[in-house]
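What follows is a short report on a single structure.
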Amino acid sequence: MSAREEIMAAVRANQPAGDFPLPETVVFPMDERGNRTEFFLHNLGVMGGSELYVVDGLESAVQSAFPDAAVIASAVPELQGNRDLSTVAEQADLHDVDVAVVRAVLAVGETGSVLLADSDIVVNSLVYLAQHLVVLVDPDDIVPGLQDAYLSPEFQQHAYLAFHSGPSATADIEGVLIHGAQGVRTLQVALIPRS
Amino acid sequence: MSLNHHLRHAEAASPEAIPDQQPREPQPRGAKVHGNHPVDHDEAAARFIAAPHHEHMHDSRLWDLRQQRDAQMHGIEEWEELREHASRVKSHTLANLGDYLEQFTAAAQANGVHVHWARDAAEHNQIVHSIMSDHGARSLIKSKSMLTEECGFREYMAGVGIEVIETDLGERIQQLDDEPPSHIVVPATHKLRTDVAQVFARTLGTDPNNSEVHYLAEQQREKTRPLILQADVGMTGANFAIAENGAIAVCTNEGNADLSANVPPLHIASIGIEKIIPRVADLGVFIRLLSRSALGSPITQYTSHFRGPRPGAEMHFVMVDNGRSERLGDETFWSSLKCIRCSACMNTCPVFRRSGGLSYGATYSGPIGLILDPTMNRRKYSKLPYASTLNGSCTNVCPVKINIHEQIFEWRKVMASEHQPAVAERAMMKAAGVVLSNPRAYRAAVAGADRALRVLPQFAVDIPLNPWATPGRETPQAPRETFHEWYRRTDGGRIDTELPASGEDGSGTEEDQG
Numbered sequence: 001m002s003a004r005e006e007i008m009a010a011v012r013a014n015q016p017a018g019d020f021p022l023p024e025t026v027v028f029p030m031d032e033r034g035n036r037t038e039f040f041l042h043n044l045g046v047m048g049g050s051e052l053y054v055v056d057g058l059e060s061a062v063q064s065a066f067p068d069a070a071v072i073a074s075a076v077p078e079l080q081g082n083r084d085l086s087t088v089a090e091q092a093d094l095h096d097v098d099v100a101v102v103r104a105v106l107a108v109g110e111t112g113s114v115l116l117a118d119s120d121i122v123v124n125s126l127v128y129l130a131q132h133l134v135v136l137v138d139p140d141d142i143v144p145g146l147q148d149a150y151l152s153p154e155f156q157q158h159a160y161l162a163f164h165s166g167p168s169a170t171a172d173i174e175g176v177l178i179h180g181a182q183g184v185r186t187l188q189v190a191l192i193p194r195s
Numbered sequence: 001m002s003l004n005h006h007l008r009h010a011e012a013a014s015p016e017a018i019p020d021q022q023p024r025e026p027q028p029r030g031a032k033v034h035g036n037h038p039v040d041h042d043e044a045a046a047r048f049i050a051a052p053h054h055e056h057m058h059d060s061r062l063w064d065l066r067q068q069r070d071a072q073m074h075g076i077e078e079w080e081e082l083r084e085h086a087s088r089v090k091s092h093t094l095a096n097l098g099d100y101l102e103q104f105t106a107a108a109q110a111n112g113v114h115v116h117w118a119r120d121a122a123e124h125n126q127i128v129h130s131i132m133s134d135h136g137a138r139s140l141i142k143s144k145s146m147l148t149e150e151c152g153f154r155e156y157m158a159g160v161g162i163e164v165i166e167t168d169l170g171e172r173i174q175q176l177d178d179e180p181p182s183h184i185v186v187p188a189t190h191k192l193r194t195d196v197a198q199v200f201a202r203t204l205g206t207d208p209n210n211s212e213v214h215y216l217a218e219q220q221r222e223k224t225r226p227l228i229l230q231a232d233v234g235m236t237g238a239n240f241a242i243a244e245n246g247a248i249a250v251c252t253n254e255g256n257a258d259l260s261a262n263v264p265p266l267h268i269a270s271i272g273i274e275k276i277i278p279r280v281a282d283l284g285v286f287i288r289l290l291s292r293s294a295l296g297s298p299i300t301q302y303t304s305h306f307r308g309p310r311p312g313a314e315m316h317f318v319m320v321d322n323g324r325s326e327r328l329g330d331e332t333f334w335s336s337l338k339c340i341r342c343s344a345c346m347n348t349c350p351v352f353r354r355s356g357g358l359s360y361g362a363t364y365s366g367p368i369g370l371i372l373d374p375t376m377n378r379r380k381y382s383k384l385p386y387a388s389t390l391n392g393s394c395t396n397v398c399p400v401k402i403n404i405h406e407q408i409f410e411w412r413k414v415m416a417s418e419h420q421p422a423v424a425e426r427a428m429m430k431a432a433g434v435v436l437s438n439p440r441a442y443r444a445a446v447a448g449a450d451r452a453l454r455v456l457p458q459f460a461v462d463i464p465l466n467p468w469a470t471p472g473r474e475t476p477q478a479p480r481e482t483f484h485e486w487y488r489r490t491d492g493g494r495i496d497t498e499l500p501a502s503g504e505d506g507s508g509t510e511e512d513q514g
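Encoded structure:
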């Protein structure tokens, strides 16, 4: 017997007997304190992220936030950047990116998360190898909670989808919080409606 | 050094450093493991307690995680309903695991994923090795996975000349120090920052006298990144495998699983067959529970969903049994397969907090380890079920409602029937002796024990499986608070306040500390 057949036979023989119905999924309402965008931004802050205020256009906001950035890779039409993502041969080639700019599929109020999809970030490694990450969120794309987010059809459509909730972090040494453990050191969200 | 003390996310508590000790307190090492000889937990625990700086940091750090977990729980009105849902989904899936495994692997294959099956640890390691050989791959980066620990994966790969690099900071520290993880979520939590400075100085060439945590973390980031960029293969575990769409979900705070999976051209995921859940929508419940239970943060920084390979890349799933299908048929212990590896039971356990994870001498430590390890090696882990006060706190915090303390007690029965009860009793009295000889540990244990008495069934005080009990005694009426608690509340009787009503006695699930 193959390993698969042997394991499946053992599993089927040993499955506990009894009545174990699959419960219906109940989506619990989220108390958004009257303002979904503020609720999202508050929880983004709890997770270590922050808002990038856009007054004079995205380009000037990014420039003033990262005056020393040499390589800016943009996956959004709102910003040009100086690294063409469409010609990246290897994922590792993006190791020198200072700032990555991408748009979120949706955002989650409950946890301050942004959901990033492979088709939108173009090169998956971009949002991990970059030193800093700027995510555009359309306020209309914010859903109340994680349970609402998981009802999105996006989960059936992409090979890769990731919730980012603030920047890369660790507290593996004595519980001391470090941002920029392996991935991005900062994550900022710019509230910009889809054009 | 600037620490942000206000953030309460990730694994973070940002406590002040314990001032460097001169001379430095050496890190206590774990249990001495000799083949299949029964691991002596209390011998190792006694050595951990004999290192007061380590013991204190470990205890307070994990207790802080437990308190943050409670704070999260209190913020969610439907918490108990979420636990109930998660528990029922897991029971349902395990009772129909054959069908769900078929559904999951068929969906994964339709997504372009190569699916492999491993009966045991050796087969798992050989499969990964052969995938690598087929591609001429020599180096592998990986994120933390308890399953690969269970399989002795790193040791096997070292034997066949393949370089394995752990990318999680805590796990990397443990790899460089040639120790297994001491905790399933924070693997190096038993180490002081000065211990880490010594390990990094010896292995990475950093400054041995600089134990500043930002410095140490930055050094690891800088030294690991080139290895990530050059690796041939990336490996991850899976927190959840979703039958409906054939995807896996992986949760990390560092983003290291995403680097491991996304940068190299080949992604291999090791998946325990019990990780399946039926629907994407169920993730909404499990992800809400997982990090809140583990670290007291609303969610991990990264929650990633891998459904298929990138264009030009390959994705392989290795479905691993390694004793799980057999445990599924065990009437008493099958529900331990519901475990989602959150570590809440470890953080709340007074024995774990004060003895350190390495004292268990096993892949899984703490309360969940006491019930998982004996299924893998009954003789070697025959003493572990005694490393518990049976206070029930582990059961109360478990997000999938495994009756952990009852299963620990059931294991004692198994061990007693197979071994000399005298051996069991002796092991228990030694464990008690370690706690009772330490005043602070004793006070915490008493507070926990009194409260637990209101919820414990009679079995927990039956002898000889619980030698802390006295023959012929019924469960006593427990006071609502200990003397120390009364003294703190009333400032030694100077403040005249009523003890707040606690509702129905014994219904409180979360406040008992140990």
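Listed in order, the protein sequences are those of chains C and D.
First residue of the first sequence: 1, per full-length UniProt numbering; consecutive thereafter.
First residue of the second sequence: 1, per full-length UniProt numbering; consecutive thereafter.
Using N, Cα and C, we set each Cβ at its ideal position, and we do this for glycine too.
Which residues in chain D sit within 8 Å of residue i, going by Cβ to Cβ distance?
i: ASN82 (chain C); result: Those do not exist, as ASN82 (chain C) stays about 21 Å from chain D at its closest Cβ, beyond 8 Å.
For residue i, is the classification buried or exposed, using 16 other Cβ atoms within 10 angstroms of its Cβ as the cut-off for buried?
i: LYS32 (chain D); result: exposed
i: GLU222 (chain D); result: exposed
i: ILE127 (chain D); result: buried
i: TYR487 (chain D); result: exposed
i: HIS74 (chain D); result: exposed
i: VAL184 (chain C); result: buried
i: GLN15 (chain C); result: buried
i: LEU94 (chain C); result: buried
i: ALA122 (chain D); result: exposed
i: ILE192 (chain C); result: buried
i: GLN156 (chain C); result: exposed
i: SER2 (chain D); result: Here SER2 (chain D) scores only 38 on pLDDT, less than 50, and its place in the model should not be relied on; the value that follows carries that caveat. Looking at its Cβ environment, which holds fewer than 16 other Cβ atoms inside 10 Å, SER2 (chain D) is exposed.
Along chain C, in chain order, which residues have C-beta atoms closer than 8 Å to that of residue i?
i: TYR302 (chain D); result: ALA162, PHE163, HIS164, SER165, SER168, GLY183
i: ILE273 (chain D); result: ILE7, VAL11
i: GLU123 (chain D); result: ALA3
Given residue i, which residues of its chain have a CB within under 7 Å of its CB, disregarding the five upstream and five downstream residues?
i: THR93 (chain D); result: TYR100, ILE276, ILE277, PRO278
i: ASN245 (chain D); result: ALA107, VAL280, ARG307
i: THR300 (chain D); result: CYS251, THR252, ASN253, SER291
i: ASP282 (chain D); result: VAL89
i: THR170 (chain C); result: ILE178, ALA181
i: CYS345 (chain D); result: GLY366, PRO367, ILE368, CYS394, VAL397, CYS398, ILE404
Which one or two residues does DSSP pair with residue i in a beta bridge?
i: LEU295 (chain D); result: BP columns for LEU295 (chain D) are empty, so no partner.
i: TYR160 (chain C); result: D:PHE306
i: TRP117 (chain D); result: D:MET319
i: ARG24 (chain D); result: DSSP, once it has assigned bridges, lists no residue as partnering ARG24 (chain D).
i: ARG83 (chain C); result: C:ALA73
i: THR252 (chain D); result: D:TYR302
i: ALA100 (chain C); result: C:ALA73, C:LEU133
i: ILE131 (chain D); result: None; ILE131 (chain D) has no bridge partner.
i: GLN126 (chain D); result: In DSSP, GLN126 (chain D) forms no bridge with anything.
Who are the neighbours of residue i on chain C, taking C-beta pairs under 9 Å?
i: residue 583 (chain D); result: The requested residue 583 (chain D) is not part of the displayed model; chain D covers only 1 to 514.
i: VAL128 (chain D); result: Near VAL128 (chain D) there are no residues of chain C at all, since even the closest Cβ is about 14 Å away, more than 9 Å.
i: ASP64 (chain D); result: GLY175
Once you ignore the five residues that flank residue i on each side, which residues in its own chain have a CB closer than 8 Å to its CB?
i: LEU229 (chain D); result: VAL263
i: GLN27 (chain D); result: ALA51, HIS54, HIS190, LYS191, LEU192, ASP195
i: PHE104 (chain D); result: ALA241, ILE242, ALA243, GLY246, ILE276
What residues in its chain sit with their C-beta under 6 Å from that of residue i, if we drop five residues either side in the sequence?
i: ALA231 (chain D); result: SER139, ILE141, PRO264
i: ASP59 (chain D); result: ARG353, ARG354
i: SER50 (chain C); result: GLN188
i: VAL164 (chain D); result: LEU140, ARG154, MET157
i: ALA117 (chain C); result: VAL105, HIS158, LEU161
i: residue 515 (chain D); result: The question about residue 515 (chain D) has no answer, for chain D in this structure spans 1 to 514.
Could you tell me which chain D residues have their CB closer than 7 Å to the CB of residue i, listed as they occur along the chain?
i: ARG4 (chain C); result: TRP117
i: ILE121 (chain C); result: Result: empty, since nearest Cβ-Cβ is about 10 Å, beyond 7 Å.
i: LEU133 (chain C); result: Those within 7 Å of LEU133 (chain C) in chain D number zero; the least Cβ separation is about 10 Å.
i: SER113 (chain C); result: ILE299
Applying a beta-carbon distance threshold of less than 7 Å, which residues of chain C neighbour residue i?
i: HIS92 (chain D); result: PHE20, PRO21, LEU22
Task: Against chain D: residues of the region 15–39 of chain C by CB proximity under 8 Å - done: GLN15, PRO16, ALA17, GLY18, PHE20, PRO21, LEU22, PRO23, THR25, VAL26, VAL27, PHE28
TODO: Select from the region 175–206 of chain D all residues with a C-beta closer than 8 Å to any C-beta belonging to chain C, and list them in chain order.
DONE: VAL186, PRO187, ALA188, THR189, LYS191, LEU192, ARG193, VAL196
TODO: Using a Cβ-Cβ cut-off of less than 8 Å, give me the residues of the region 305–317 of chain D that come near chain C, in sequence order.
DONE: HIS305, PHE306, ARG307, GLY308, PRO309, ARG310
Task: Residues from the region 69–80 of chain D in contact with chain C, defined by Cβ distance under 9 Å - done: ILE76, GLU77, GLU78
Task: Interface residues of the UniProt domain "4Fe-4S ferredoxin-type" (330–357) of chain D facing chain C [CB-CB below 7 Å] - done: TRP334
TODO: Could you please tell me which residues of the region 282–293 of chain D, in chain order, have their CB closer than 8 Å to any CB of chain C?
DONE: ASP282, LEU283, GLY284, VAL285, ILE287, ARG288
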